[in-house]
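In my numbering, the protein residues as written are 116 to 300.
Where a beta carbon is used, it is the ideal one built from N, C-alpha and C, also for glycine.
As the structure is a prediction and not an experimental result, all values here were calculated from the model.
Reviewing the structure listed below.
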Amino acid sequence: MTTIVVVDNGGQFTHLEGRALDDIGVETDIVENSTPPDEIDADGIVLSGGPEIDERGRSGEYLDRDVPVLGICLGMQIIADEYGGAVGAGEYGGYADVTVDIDDVTDPLVGSLAPETRVWASHADQVTALPDGFDRTATSDVCGIEAMSDAERDLYGVQWHPEVAHTERGEELFANFRAICESEE
116 MTTIVVVDNG GQFTHLEGRA LDDIGVETDI VENSTPPDEI DADGIVLSGG PEIDERGRSG
176 EYLDRDVPVL GICLGMQIIA DEYGGAVGAG EYGGYADVTV DIDDVTDPLV GSLAPETRVW
236 ASHADQVTAL PDGFDRTATS DVCGIEAMSD AERDLYGVQW HPEVAHTERG EELFANFRAI
296 CESEE
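Here it is, written out as structure tokens:
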């Protein structure tokens, strides 16, 4: 069975990420972001959302585990920051229902959601410049970079929360991530 570890960055929905993965038949464990990277044995890693990028713990170290990584909200911002992108305050803070336009229909994470999908997202902080090697895979009227990927390194990020009921097709996004993880086995 595919195993995906969720790294808890203090987000209020972290337990829902684990539940969503359980619901699609993935063995899941939630670990604190202080867990030593060599203690994580998984086919994939989800970096959860959270309140502060300064509270990322060891999240940056998990990017070197040679398994696919999905960053959700703060998790995506951590990936961007670790690889030289930029993170800044969004124009629209707080949670809102947002229509996201999919830019890349071939992207293994978000491509199947094209041409657009409705999501629940916070834009208090957001990725403002892509790191080298990453492509923007989704955008919205609220945020220029709603999703990004570096398929060569199996690093993916979404600004929105696929684990909450307000997001359409969130289960599909998690299933796509599971497929990415299984293709690397």
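Report all residues from its chain with a CB closer than 8 Å to the CB of A201; omit the five preceding and five following residues, and keep chain order.
Counting only Cβ-Cβ distances below 8 Å, and skipping sequence neighbours, we find A195, V242, T243 and A244.
Enumerate, from N- to C-terminal direction, the unbroken beta strand (DSSP E) stretches of 3 or more residues contained entirely within the region 195 to 247.
As far as the region 195 to 247 is concerned, its whole beta strand (DSSP E) runs of at least 3 residues are 201 to 204, 210 to 217, 231 to 237 and 240 to 244.
Based on Cα-Cα distance, which residue from I187, E167, D218 and G199 lies nearest to H130?
Nearest C-alpha to H130: I187.
Please classify D250: does DSSP put it in a helix, a strand, or coil?
DSSP places D250 in strand when its eight states are reduced to three.
Would you mind reading off the limits of the beta strand (DSSP E) that contains L178?
Careful: L178 lies outside any beta strand (DSSP E) and carries neither H nor E.
What is the DSSP secondary structure of M116, reduced to helix, strand or coil?
In this structure, M116 counts as coil in the three-state DSSP scheme.
Tell me the rounded alpha-carbon separation between D240 and L185.
So the two alpha carbons sit approximately 18 Å from each other.
Using C-beta distances below 8 Å, list every residue in its chain close to V279, excluding the 5 sequence neighbours before and after it, in chain order.
Cβ neighbours of V279 beyond the five flanking positions: F128, L131, W235 and G285.
Which residues mark the beginning and the end of the alpha helix (DSSP H) in which S264 is found?
From DSSP, S264 is part of no alpha helix (DSSP H) but of the beta strand (DSSP E) over A262 to D265.
Of all the options V215, E299 and L288, which has the alpha carbon lying nearest to the alpha carbon of D138?
Minimum Cα distance to D138 is reached at L288.
Expressed to the nearest angstrom, what Euclidean distance is found between the alpha-carbon atoms of L136 and E206?
The alpha-carbon atoms of L136 and E206 are separated by roughly 31 Å.
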